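First to last, the protein sequences are chains A and B.
Taken in order, the first sequence gives residues 561 to 799; the numbers are from the numbering used here.
Taken in order, the second sequence gives residues 125 to 437; the numbers are from the numbering used here.
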Amino acid sequence: MSLVEVTFRAMLGRRRTLLMLLLAALPVLVAVLARAGGARLDDGLTAILELGVRTVLPLTALVFGVSALGAELDDGTIVFILAKPIPRWQVAAAKTFVAGALAAALSVGSTLLSGLVIAGLDPTGLATTVASALAVALAAFAYAALFVALSVVTGRALFVGLVYTLVWEGVLAGLLPGTRAFSIREATLTVAAALAPVGAGIDGDIELGQAVLLLAIVLAASLAVTTSRLGGYEVRGTE
Amino acid sequence: MTAPTAARASDSTVSVENVSRWYGNVVAVNDISFAIGRGITGLLGPNGAGKSTLLHLMAGLLRPSAGSVRVLGAPAWRNPSMYRSIGLVPEREAVHSFLTGRQFVALNARLQRLSQPDAATAAALRTVDLEAAADRPVGTYSKGMRQRVKLAGALVHDPQILLLDEPFNGMDPRQRLHMTELLRRMAEEGRTILFSSHILEEVERLADSVLVVYAGRLAASGDFRQIRRLMIDRPHTFNVRSSDDRRLAAALLGDASVFGVNLVDGRLAVSTSEFGAFARVLPRIARDAAISLYELTPTDDSLESVFAYLVRR
């Protein structure tokens, strides 16, 4: 039983898994309805893939990210992990990996299924779907790292994470284009656009280099913050 | 009191020097110094006295606001490698409830990077007598079983130092006896064991030396018997009800163990300096004076008052 295995077991609680599966099924359901309603391949596929990037990806990463460490911090079981002679970066990496892997699995699965429903075996549609899935998988780890770090910085990580995804990425990025440079969502779309065939219809508003750099910085900085906070962890609820 | 510390500095495995810990305006631990060495040390104090704070400071899970805590000569704070030598049993009950007892102990063994984690796990489960329930989820365990599985996790790497926060909580008498024997055996093997408790008798039964904490301060430390004597031979006050309180008061004043009597609102309050002596002479004095005793009530016998007395000393 390793730290990664224990974290996987802890994260796959029945209710949480069910909720996340339902969330991941949402774009697939929309795709089925759109297909039944006769949606056009080019517009429909782009809209469905972007729906996954805007909802399933950040929300699954948020839920898994804040609970990977947050649940153990809340109930005090983290003491059994931290009272051990292991470097704190390994704890931060294990928790981030598990949260990222779970968010990636659901988001990638959702992206591939919804893309297949809309595009079928159309070569361009399939290539666009796979490009989106790759970008989503990459971004899942950046999001997860950010939300794991949030959970060790604040007790209101879920709220702060929601504000980031809904307000910063959802509203401000639309109103103030300059904020898109700090949006994981925009970076994801940019990477997807770069990997997709020309004319696939996916738009990213920042440069590819900038997008990759942003994802890398978010991942590295978040891991550094988590490691540092775990290094100075103080037990809660002491008399 | 100015009692000796629990261990000489040269023998100490854990030393606490002028340590304070405060949360905003609340001082949880106030300028405490002591050193502990091999054997069993009891950390005694009422609930909220600062025992858990002190234990967490020693376990490197709290940063001292002032002073320093050293474990085997190295700072306890921000020093993960220290946990090779320490086993910690926290008071909080929460354990990864979805794991079986065996998986929980094996997790501890693997995080300790043991070369043979499965063998160490089996040995630790055997030590705490939990083999029969080892493959059940911890979530189904009783409170006492959780304490034992936490202990198994803490000693799976055979640590030199064991820190246990209220380890007897939730245990039935048989489990307590087993835990007592286990801790004694481990102490005989040369380990340093510190356990906290708010129950005097528990500490008395097990500890070679004791640290008494009250209101964040170290009220006493050293040999338990000396401290126990201080606790017993402090001024005590009793309320007595008898067939003739006034005559009994006069008779009691003639005894050396009584240094004051007070008749207020029909109640006789007796102050004595020696608990044992007073308990012996009272029936004799009453019998000699042909007075019937109806009631004898200590007015300050709570552990809290004992600790408060030690702090004033």
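All residues carry an ideal CB built from backbone N, CA and C; glycine is no exception.
Fair warning: this is a prediction, and the values are worked out from it, not measured in the lab.
{"Item": "N154 (chain B): contacting residues in chain A (beta-carbon distance under 8 Å)", "Value": "Result: empty, since nearest Cβ-Cβ is about 14 Å, beyond 8 Å."}
{"Item": "Distance between S562 (chain A) and Q271 (chain B) (C-alpha atoms, nearest Å)", "Value": "22 Å"}
{"Item": "Beta-carbon gap between A230 (chain B) and V337 (chain B) smaller than 7 Å", "Value": "no"}
{"Item": "Any alpha helix (DSSP H) of 4 or more consecutive residues that is wholly inside the segment 601-688 of chain A", "Value": "601-611, 617-635, 638-642, 648-679"}
{"Item": "Partner residues on chain A for A230 (chain B), Cβ-Cβ distance less than 9 Å", "Value": "M561"}
{"Item": "The segment 684-699 of chain A touching the segment 734-742 of chain A, judged by at least three CB pairs closer than 8 Å", "Value": "no"}
{"Item": "Neighbourhood of T786 (chain A) by C-beta, 6 Å cutoff - its chain only, sequence neighbours within 5 removed", "Value": "A652, V708, A709, V712"}
{"Item": "Segment limits, beta strand (DSSP E) that includes D438 (chain B)", "Value": "Outside the displayed range of chain B (125 to 437) lies residue 438 (chain B), so it cannot be described from this structure."}
{"Item": "Secondary structure of L710 (chain A), DSSP reduced to three states", "Value": "helix"}
{"Item": "Interface positions of the segment 639-653 of chain A facing chain B (Cβ-Cβ less than 9 Å), listed along the chain", "Value": "V639, F640, I641, L642, A643, K644, P645, I646, P647, R648"}
{"Item": "Pick from A:S692, A:L783, A:S743 that is closest to A753 (chain A), judged by C-alpha positions", "Value": "A:S692"}
{"Item": "CA nearest to the CA of P214 (chain B), picked from B:L288, B:P422, B:A339", "Value": "B:L288"}
{"Item": "Buried versus exposed, by CB contacts within 10 Å (16 or more), P188 (chain B)", "Value": "buried"}
{"Item": "C-alpha distance - R745 (chain A) paired with S321 (chain B), whole-angstrom precision", "Value": "53 Å"}
{"Item": "Complete runs of the alpha helix (DSSP H) confined to the segment 250-319 of chain B [at least 4 residues]", "Value": "267-279, 297-312"}
{"Item": "Buried or exposed by the 16-neighbour rule on C-beta atoms within 10 Å, applied to T421 (chain B)", "Value": "exposed"}
{"Item": "Through-space distance from M580 (chain A) to G759 (chain A), alpha-carbon basis", "Value": "32 Å"}
{"Item": "Short Cβ contact (7 Å threshold) for I317 (chain B) with I164 (chain B)", "Value": "yes"}
{"Item": "Through-space distance from L718 (chain A) to T423 (chain B), alpha-carbon basis", "Value": "53 Å"}
{"Item": "is_contact[P422 (chain B), chain A] using C-beta, thresh 7 Å", "Value": "no"}
{"Item": "S333 (chain B), DSSP secondary structure in three states", "Value": "strand"}
{"Item": "Three or more C-beta pairs below 8 Å linking the segment 576-596 of chain A and the segment 613-627 of chain A", "Value": "yes"}
{"Item": "Option nearest A339 (chain B) by Cα separation, candidates B:G169, B:S136, B:F158", "Value": "B:G169"}
{"Item": "Selection of the segment 671-693 of chain A by Cβ proximity to chain B, strictly under 8 Å", "Value": "none"}
{"Item": "Contact set for A257 (chain B): own chain, Cβ-Cβ below 8 Å, skip 5 residues either direction", "Value": "G225, Y265, M269"}
{"Item": "Beta bridge counterpart(s) of Y147 (chain B) as assigned by DSSP", "Value": "B:V150"}
{"Item": "Local conformation of F742 (chain A) per DSSP, three classes", "Value": "helix"}
{"Item": "Where P587 (chain A) falls: helix, strand or coil (DSSP)", "Value": "helix"}
{"Item": "C-beta atoms of V394 (chain B) and V388 (chain B) nearer than 7 Å", "Value": "no"}
{"Item": "Proximity winner among A:L768, A:L749, A:A781, relative to G761 (chain A) (alpha-carbon distances)", "Value": "A:L749"}
{"Item": "Rounded distance between the beta-carbons of K267 (chain B) and N293 (chain B), thought under 8 Å", "Value": "7 Å"}
{"Item": "Simplified DSSP assignment, three categories, for F158 (chain B)", "Value": "strand"}
{"Item": "DSSP-derived helix/strand/coil call for E419 (chain B)", "Value": "strand"}
{"Item": "Under 7 Å between C-beta atoms of R789 (chain A) and I678 (chain A)", "Value": "no"}
{"Item": "Selection from A:V723, A:R648, A:F640 that minimises the alpha carbon distance to L212 (chain B)", "Value": "A:F640"}
{"Item": "A190 (chain B), enclosing alpha helix (DSSP H) - first and last residue", "Value": "Premise fails: A190 (chain B) lies in the beta strand (DSSP E), 190-195, not in any alpha helix (DSSP H)."}
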